[in-house]
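What follows is a set of notes on a single structure, which appears directly below.
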Amino acid sequence: MQLFHPTTIDEAVALLAAHDEARCIAGGQSLVAMLNLGLLDPPALVSLRKVAGLDRLTRQADGNVAIGAAVTQAALASAGLPGALAVLSEAAQQVAHPAIRNFGTVGGALCHADPAADLPPAFVAADARLTAIGPGGARRIRAEDFFLDYLTTALAEDEILTEIRLSPPPPGSVGAYHKFARVDGDYATVSVAVALTLEGGICRAARVVLGSCAAQPLRLDAADAALADTRLDCEAVARAGALLQDAAEPLADMRGSAEYRRRIIPGLVARAVEAARARSEAPA
Numbered sequence: 109m110q111l112f113h114p115t116t117i118d119e120a121v122a123l124l125a126a127h128d129e130a131r132c133i134a135g136g137q138s139l140v141a142m143l144n145l146g147l148l149d150p151p152a153l154v155s156l157r158k159v160a161g162l163d164r165l166t167r168q169a170d171g172n173v174a175i176g177a178a179v180t181q182a183a184l185a186s187a188g189l190p191g192a193l194a195v196l197s198e199a200a201q202q203v204a205h206p207a208i209r210n211f212g213t214v215g216g217a218l219c220h221a222d223p224a225a226d227l228p229p230a231f232v233a234a235d236a237r238l239t240a241i242g243p244g245g246a247r248r249i250r251a252e253d254f255f256l257d258y259l260t261t262a263l264a265e266d267e268i269l270t271e272i273r274l275s276p277p278p279p280g281s282v283g284a285y286h287k288f289a290r291v292d293g294d295y296a297t298v299s300v301a302v303a304l305t306l307e308g309g310i311c312r313a314a315r316v317v318l319g320s321c322a323a324q325p326l327r328l329d330a331a332d333a334a335l336a337d338t339r340l341d342c343e344a345v346a347r348a349g350a351l352l353q354d355a356a357e358p359l360a361d362m363r364g365s366a367e368y369r370r371r372i373i374p375g376l377v378a379r380a381v382e383a384a385r386a387r388s389e390a391p392a
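Per my numbering, the sequence shown starts with residue 109, numbered consecutively.
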């Protein structure tokens, strides 16, 4: 296996094109485990650690936030992002343990696309836009369209995820991430990422996303609509939870059966929505 250390995106893209089935590596927290288990055996690895700019998280003058694909999960966890974008930092805080977060990257977690991972549902809730660069140039992909199936994304084999962009959160927006796991630091049995926009106690917009309940993060227009234009009363929240519960198609594994996962969805949705709503009432 060859290991390359490009210093520019163009060089990295060229290396991927020149070596069939080559893989990119940054933090290596997911890829190295798969290599050790013999699940992958690529002929070459293209390291992104020396590519300038990929490890930057910047807040721009217009309020947009740009997260380089090689930003560590620890950096995202401590970023203190505003409004609904707080769902991202909160999700990152619950990824495994500090040693993993210090090496694992945001882009790596998204590209690995494990449905039980913490970051994918949070980025869908935040309506993030991902930038992929390949031989044909750059293209933008909504986070909601990026995750196609279990461990499968919309990224082409010759493309590199370089950046995640987030629009400024609207006034009154809040976010929360709630996760149920067997033990601290484990993958989610079920997780819920929530982004709400509140005005005078009324929910004007909602995005509720489940993790570990389908082959990709699960969001329903109908569930979000059930919360919109309500005071997030018990009936509205229960209706949203029931819609998500009906749509869920969780896998069964050592963390829980499919039926158990379905059963706990409404309660976890209620907790996540309440956590977000409570933040809107907290003193500034």
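Positions of the beta carbon are idealized from the N, C-alpha and C atoms, including for glycine.
Opposite residue i in the DSSP bridges: which residues?
i, result
"TYR285", "ALA301"
"ASP361", "GLY364"
"ILE249", "LEU238"
"VAL317", "ALA301, ARG327"
"ILE133", "SER155"
"PHE112", "VAL154"
When you compare only the Cα positions, how much space is there between residue i and residue j?
i, j, result
"ALA204", "ARG290", "12 Å"
"GLY309", "ALA336", "11 Å"
"GLY171", "MET362", "42 Å"
"ALA330", "VAL195", "21 Å"
"PRO276", "ALA314", "16 Å"
From which residue to which residue does the beta strand (DSSP E) around residue i run?
i, result
"SER155", "152-155"
"ASP257", "255-257"
"GLU271", "268-274"
"VAL173", "173-176"
State the CB to CB distance for the pair residue i and residue j, rounded to an integer number of angstroms; the pair is presumed to be in contact (CB under 8 Å).
i, j, result
"LEU318", "VAL302", "Contact doesn't hold; Cβ gap of about 10 Å is too wide."
"ALA348", "ARG370", "The pair is not a contact, with the Cβ atoms about 15 Å apart (cut-off 8 Å)."
Output the boundary residues of the alpha helix (DSSP H) element that contains residue i.
i, result
"ALA126", "117-126"
"GLU168", "First, the amino acid is wrong: residue 168 is Gln here, not Glu. From DSSP, GLN168 is part of no alpha helix (DSSP H); its letter is neither H nor E."
"GLY480", "The structure shown does not extend to residue 480, since the chain is modelled only from 109 through 392, so no value can be given for it."
"GLY349", "342-355"
"HIS205", "No alpha helix (DSSP H) holds HIS205; DSSP gives it neither H nor E."
"GLY215", "214-220"
If I measure Cβ to Cβ from residue i and keep anything under 6 Å in the same chain, skipping five residues before and after, which residues do I get?
i, result
"LEU139", "ILE133"
"ALA236", "ALA251, ILE272, LEU274"
Keeping to the same chain, check which residues put their C-beta closer than 7 Å to that of residue i; ignore five residues upstream and five downstream.
i, result
"LEU263", "CYS219, ALA240, LEU269"
"ALA86", "Residue coverage of the chain in this structure runs from 109 to 392, which leaves residue 86 outside it and unanswerable."
"ILE373", "VAL298, LEU318, CYS321, GLY349, LEU352, GLN353, ALA356"
"THR261", "CYS219, ALA221, PHE254, PHE255"
"GLU98", "This structure cannot speak to residue 98, because the chain is shown only from 109 to 392."
"PRO229", "SER299, ALA301, VAL317, LEU318, GLY319, PRO325"
Using a Cβ-Cβ cut-off of 8 Å (strictly less than) and excluding sequence neighbours within five positions of residue i, which residues of its own chain qualify?
i, result
"ASP266", "VAL121, LEU124, ALA125, GLY242, PRO243"
"ALA160", "THR115, THR116"
"PHE211", "GLY135, GLY136, GLN137, THR180"
"ARG379", "HIS286, VAL300"
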